[in-house]
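Under this note's numbering, think of the first position of the sequence shown as 103, with each following residue one higher.
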Amino acid sequence: TIPEHWHAKLAVVSYTIARVVANLTSAVLIGCDASVYVPMICDGLVRPVATGFGVCVLQHRFERLSEPSLNLWTPLALYCLASCHCDVAMLLWAKNARFVRGMLLLLISMYVWEVCCNAIQLQMTNLKLHALGLRRTARACQVLTTALLCGWVLFFVALAIVELCRGSNCNIARYIYSWTGLGFTRPLLGLLPGMVLLLLLQFLGLCVAAGRALSLGWHDAGVGHAACLLFVNSMLQLLGPVISVRGAIGFVDGHISTDSPQNTAEAAELMWLTLDISFQVLNVLLLSGLLGPEQWQNPMAAFEKLANLQGFGLASKRIAFSGQVNDNARDCIVSFPGKYSEEWDQAVQVATTQDAFSLACVFLTDRASGLGVHCDNPNAPGQCWCRAIYGHLPPSTYISVVDMRPEMQESQAPIDLEFKRADAKAMGQCLVIREEQHGELDWKLKLSDAEEDARARCAANRGRAPWGCRWFEDWRRNVHKAAELKQTLHVFYFRGLKGQGKMTWDELPSAEAKARVRQQSGLGASQTAEVAYLDKQGIAYVEHDIAEFQDLVCPPSPSRSGADASAVNP
């Protein structure tokens with residue numbers, strides 16, 4: 103079969119081969135001593151191959167760049183690094199050019215090239231820090247990056263004015279030259295503190311994220327791999343600009359200052375720029391996630407997983423969803439098992455971007471969105487929906503226990519502590535955290551105090567659900583709206599358990615009935631109430647196994663297959 107994007111890949115291969123041939127030919131035409139051929143050939147061969155490899159990886163794994171920011175900066179960085187204007191062939195052309203300032207323009211273009219490539223990587227690192235949850239650090243780095251970039255632009259403008267007006271009586275040029283001093287060292291030294299501060303902030307941010315990820319998720323192979331790559335990123339980010347400066351010096355010493363390298367030492371200077379560009383290609387591939395754990399196809403999602411693991415600003419990362427019923431939709435999902443998070447995210451995306459699909463389900467994340475809020479039941483004056491759905495809940499529902507001991511972290515999924523804190527605050531729960539230093543007796547005393555507190559909270563709230571019933575009222579309104587619009591309603595069950603776990607509306611308050619059904623149920627706790635309400639109201643719906651989700655949301659053809667779905671008409 104013909105590989106995908108073969109035209110683009112063929113163009114990259116052809117471009118790389120052309121660069122290599124031109125560079126090797128130019129190395130021979132320069133006519134250097136035989137002792138310097140090897141460094142020059144290496145410089146003319148390795149740099150095109152390294153940058154060509156980076157662009158090929160980009161084209162082969164472009165689907166990983168799901169975020170618009172990565173779609174912009176990653177190709178820009180790799181295409182910029184793949185520029186041929188500093189190749190041996192271009193140097194030969196510049197030295198033989200008939201205009202006077204050919205080498206000067208080449209030198210300025212090399213400086214601009216280095217600054218642009220490094221600036222793009224600094225911006226990509228800022229995006230990565232933001233995705234990792236280090237938002238304040240990312241914002242500070244963003245401000246420093248912008249300020250430094252403006253400083254470099256002013257520096258290059260001043261340099262261009264001085265060089266273009268050299269030998270003339272231009273007062274502006276004389277003033278700039280007298281202020282900057284010989285060799286423009288003064289403005290460069292002015293930019294140095296900001297550059298050092300920016301690199302240190304990014305280095306420490308990546309190291310902190312990697313260190314905390316390893317300490318909390320060392321048992322997860324994917325997390326471990328990503329954390330190790332973050333450490334590599336941090337080192338490349340710190341060493342990259344230093345190598346770039348050395349590469350620029352080597353370029354000047356090996357090509358600009360002399361007509362051609364005269365010995366092995368001068369020729370070896372040429373390889374610093376090649377080393378610099380190769381390191382930059384590796385850094386871009388790691389920053390973008392094009393190189394990384396195979397199981398994480400979405401780099402930003404992988405970075406956010408590390409942020410969740412570390413507890414950086416987690417409460418602000420969850421997005422509340424109050425349902426989306428589109429007037430022109432044909433189908434509406436009215437009950438969905440929340441444990442299938444990837445499918446849920448896809449359902450939300452489709453419902454909010456496509457008019458032909460609706461989603462009645464509700465996800466509340468904080469007090470502002472309705473978590474912990476109660477709504478009146480019109481069929482039971484003076485009561486909310488909690489009595490009909492849950493009955494009288496025990497005090498244990500008012501305790502949230504988080505066990506942070508390492509031995510528990512090994513056998514459980516990593517605990518999002520900040521989520522727990524935010525939820526407990528919104529729902530009026532008592533949050534109890536068991537640390538490693540808690541002995542068995544200390545823990546029992548702490549838990550006993552929490553249980554006493556929970557009993558008081560439960561009594562004060564009259565045994566209602568601490569998470570409230572606002573979600574049910576919002577869901578109920580969405581369902582009735584979708585039914586009025588004649589949309590086909592869909593209910594999804596756990597894999598292999600379609601149709602199992604249903605209860606009647608009157609059975610919902612019974613703890614015994616729920617315990618009996620839970621032994622082999624295909625519905626989550628909230629779903630059980632949702633399906634019971636649909637049956638009570640006589641609202642027709644179609645049942646699905648979660649394995650049929652893609653067929654409904656992304657049908658292979660306009661005639662959606664419904665062979666495995668069973669219509670339920672209560």
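In this text, a Cβ means the ideal position worked out from N, Cα and C, and glycines have one as well.
Only a predicted model underlies this, so the values are computations on that prediction, with no experimental measurement involved.
Checklist entry - How about glycine 598 and leucine 625: do their beta carbons lie closer than 8 Å? => result Numbered from its first residue, the sequence shown carries residue 598 at position 496. Numbered from its first residue, the sequence shown carries residue 625 at position 523. Taking a C-beta distance under 8 Å as the contact criterion, glycine 598 and leucine 625 do not qualify as a contact pair.
Next on the checklist: Taking the straight line between their C-alpha atoms, what separation do you get for cysteine 463 and aspartate 637?
Outcome noted: Within the sequence shown, numbered from 1, the residue matching residue 463 stands at position 361. Within the sequence shown, numbered from 1, the residue matching residue 637 stands at position 535. Near 17 Å, if we compare the C-alpha coordinates of aspartate 637 and cysteine 463.
Checklist entry - Assuming valine 54 and tyrosine 643 make a contact with CB atoms under 8 Å, what is their CB distance in whole Å? => result Absent from the structure is residue 54, since the part of the chain shown begins at 103 and ends at 672.
Item to check | glutamate 537 classed as buried or exposed, judged by whether at least 16 other C-beta atoms fall within 10 angstroms | outcome: On the sequence shown, residue 537 is found 435 positions in, with the first residue counted as 1. Taking all protein chains shown into account, glutamate 537 has fewer than 16 neighbouring C-beta atoms within 10 Å of its C-beta and is therefore exposed.
Next on the checklist: Here's the rule: buried if 16 or more other CB atoms are within 10 angstroms of the residue's CB, otherwise exposed. What is cysteine 532?
Outcome noted: Locating residue 532 in the sequence shown gives position 430, where the first residue counts as 1. Around the C-beta of cysteine 532, 16 or more other C-beta atoms lie within 10 Å, and the residue is accordingly described as buried.
Item to check | Where arginine 566 falls, given that 16 or more other Cβ within 10 Å makes a residue buried | outcome: Numbered from 1 along the sequence shown, position 464 holds the residue referred to as residue 566. Buried, since its Cβ has 16 or more Cβ neighbours within 10 Å.
Next on the checklist: So, with DSSP's three-state summary, where would you put alanine 275?
Outcome noted: The residue you call residue 275 lines up with position 173 of the sequence shown. Here alanine 275 scores only 47 on pLDDT, less than 50, and its place in the model should not be relied on; the value that follows carries that caveat. Collapsing the DSSP output to three states places alanine 275 in a helix.
Next on the checklist: Quick check on DSSP: helix, strand or coil for serine 471?
Outcome noted: Numbered from its first residue, the sequence shown carries residue 471 at position 369. If DSSP states are grouped into helix, strand and coil, serine 471 belongs with coil.
Checklist entry - Roughly how many angstroms lie between the CA atoms of leucine 131 and serine 185, to the nearest whole one? => result Locating residue 131 in the sequence shown gives position 29, counting from the first residue. Locating residue 185 in the sequence shown gives position 83, counting from the first residue. Between the alpha carbons of leucine 131 and serine 185 lies a distance of about 22 Å.
Item to check | DSSP three-state assignment for isoleucine 641, whether helix, strand or coil | outcome: By 1-based counting over the sequence shown, the position of residue 641 is 539. In the structure shown, isoleucine 641 sits in coil (DSSP, three-state: anything other than H, G, I, E or B).
Checklist entry - By a C-beta neighbour count over all protein chains shown, 10 Å radius and 16 as the cutoff for buried, is leucine 547 buried or exposed? => result For the purposes of this step, residue 547 is identified with residue 445 of the sequence shown, where counting begins at 1. Leucine 547 is exposed by the Cβ-count criterion.
Checklist entry - Hey, is the segment 574-593 in contact with the segment 421-434, meaning 3+ C-beta pairs nearer than 8 Å? => result Contact between the segment 574-593 and the segment 421-434 is present, because at least three Cβ pairs lie under 8 Å.
Checklist entry - At which residues does the alpha helix (DSSP H) containing threonine 454 begin and terminate? => result Along the sequence shown, read from residue 1 onward, the residue named residue 454 stands at position 352. First-last of the alpha helix (DSSP H) with threonine 454: 443-455.
Checklist entry - Okay, do the segment 243-255 and the segment 211-224 touch, 3+ Cβ pairs below 8 Å being the bar? => result Contact between the segment 243-255 and the segment 211-224 is established, with three or more Cβ pairs separated by less than 8 Å.
Checklist entry - Where in the segment 514-589 do unbroken runs of the alpha helix (DSSP H), each at least 4 residues long, occur, reported from the N-terminal end onward? => result Within the segment 514-589, the complete alpha helix (DSSP H) runs of at least 4 residues are 519-529, 542-562, 572-586.
Checklist entry - In this structure, does DSSP put glutamine 101 in helix, strand or coil? => result For the chain, the structure presents residues 103 to 672; residue 101 sits outside this window and is missing.
Checklist entry - Buried or exposed: which applies to histidine 109, given that a residue is buried once 16 or more other Cβ atoms fall within 10 Å of its Cβ? => result Along the sequence shown, one-based indexing puts residue 109 at 7. So histidine 109 ends up on the exposed side.
Checklist entry - According to DSSP, which residues form a beta bridge with cysteine 91? => result Because the chain is modelled from 103 through 672, residue 91 falls outside the range shown and cannot be assessed.
Checklist entry - Is the beta carbon of leucine 461 less than 8 Å from the beta carbon of glycine 425? => result As a first step, residue 461 is located in the sequence shown; it is residue number 359 there, counting from the start. As a first step, residue 425 is located in the sequence shown; it is residue number 323 there, counting from the start. If you check the CB distance, leucine 461 and glycine 425 come in under 8 Å.
Checklist entry - Exposed or buried, which one is glutamate 444 when buried takes at least 16 other CB atoms within 10 Å? => result Residue numbering aside, residue 444 sits at position 342 when the sequence shown is read from its first letter. Counting Cβ neighbours within 10 Å, glutamate 444 comes out exposed, since fewer than 16 surround it.
Item to check | Cβ-based burial, cysteine 656 [other Cβ within 10 Å; buried from 16] | outcome: What you label residue 656 is simply residue 554 of the sequence shown in a count that begins at 1. If you draw a 10 Å sphere on the C-beta of cysteine 656, you find fewer than 16 other C-beta atoms in it, and that means exposed.
Checklist entry - Can you tell me whether DSSP reads serine 623 as helix, strand or coil? => result If you number the sequence shown from 1, residue 623 lands on position 521. Looking at serine 623 - three-state DSSP - the assignment turns out to be coil, as it is neither helix nor strand.
Item to check | DSSP state of phenylalanine 164 mapped onto helix, strand, coil | outcome: Position 62 of the sequence shown, counting from 1, holds the residue named residue 164. Three-state result, phenylalanine 164: helix.
Item to check | Check whether leucine 392 and valine 114 have beta carbons under 8 Å apart | outcome: In the sequence shown, the residue the question calls residue 392 occupies position 290. In the sequence shown, the residue the question calls residue 114 occupies position 12. Against a cut-off of 8 Å, the Cβ pair of valine 114 and leucine 392 comes out as no contact.
Checklist entry - What do you reckon, are the CB atoms on alanine 422 and aspartate 468 nearer than 8 Å? => result As a first step, residue 422 is located in the sequence shown; it is residue number 320 there, counting from the start. As a first step, residue 468 is located in the sequence shown; it is residue number 366 there, counting from the start. In this structure, aspartate 468 lies closer than 8 Å to alanine 422 by Cβ.
Next on the checklist: What does DSSP give as the partner residue(s) for isoleucine 501 in the beta ladder?
Outcome noted: In the sequence shown, the residue the question calls residue 501 occupies position 399. Paired residues: Cys532.
Checklist entry - Distance, Cα to Cα, leucine 340 vs proline 150? => result Here residue 340 refers to the residue found at position 238 of the sequence shown. Here residue 150 refers to the residue found at position 48 of the sequence shown. If I take the Cα positions, the gap works out to 24 Å.
Checklist entry - Which word fits lysine 441, buried or exposed, when buried means at least 16 other C-beta atoms lie within 10 angstroms of its C-beta? => result For this step, residue 441 is matched to residue 339 along the sequence shown. Residue environment: lysine 441 is assigned as exposed (fewer than 16 neighbouring CB atoms within 10 Å of its CB, all protein chains considered).
Item to check | Residues bridged to phenylalanine 423 [DSSP beta-bridge criterion] | outcome: Within the sequence shown, the letter at position 321 stands for residue 423. DSSP, once it has assigned bridges, lists Phe465 as partnering phenylalanine 423.
Next on the checklist: Which residue marks the beginning of the alpha helix (DSSP H) containing leucine 654, and which one marks its end?
Outcome noted: Locating residue 654 in the sequence shown gives position 552, counting from the first residue. For leucine 654, the enclosing alpha helix (DSSP H) starts and ends at 651-655.
Next on the checklist: What does the alpha-carbon distance come out to for the pair cysteine 330 and glutamate 553?
Outcome noted: In the sequence shown, residue 330 corresponds to position 228, counting from 1. In the sequence shown, residue 553 corresponds to position 451, counting from 1. So the alpha carbons of these two residues sit roughly 42 Å apart.
Checklist entry - By Cβ distance, which residues of its chain are closer than 8 Å to valine 383, with the 5 residues on each side in sequence left out? => result In the sequence shown, counting from the first residue as 1, residue 383 sits at position 281. Around valine 383: Ala152, Thr153, Phe155, Gly156, Leu180, Leu183.
Checklist entry - Which class does aspartate 145 belong to by DSSP, given the choice of helix, strand or coil? => result In the sequence shown, counting from the first residue as 1, residue 145 sits at position 43. It is helical.
Item to check | Whole-angstrom distance between phenylalanine 465 and serine 502, CA atom to CA atom | outcome: In the sequence shown, the residue the question calls residue 502 occupies position 400. In the sequence shown, the residue the question calls residue 465 occupies position 363. The straight-line gap from Cα to Cα measures roughly 19 Å.
Item to check | As assigned by DSSP and simplified to three states, the class of histidine 109 | outcome: To locate residue 109, count along the sequence shown from 1; it is residue 7. The answer is helix: DSSP assigns histidine 109 an H, G or I state.
Checklist entry - With 16 as the cutoff for other CB atoms within 10 Å, does glutamate 575 come out buried or exposed? => result Taking the first residue of the sequence shown as 1, we reach residue 575 at position 473. With 16 or more Cβ atoms within 10 Å of its Cβ, glutamate 575 is classed as buried.
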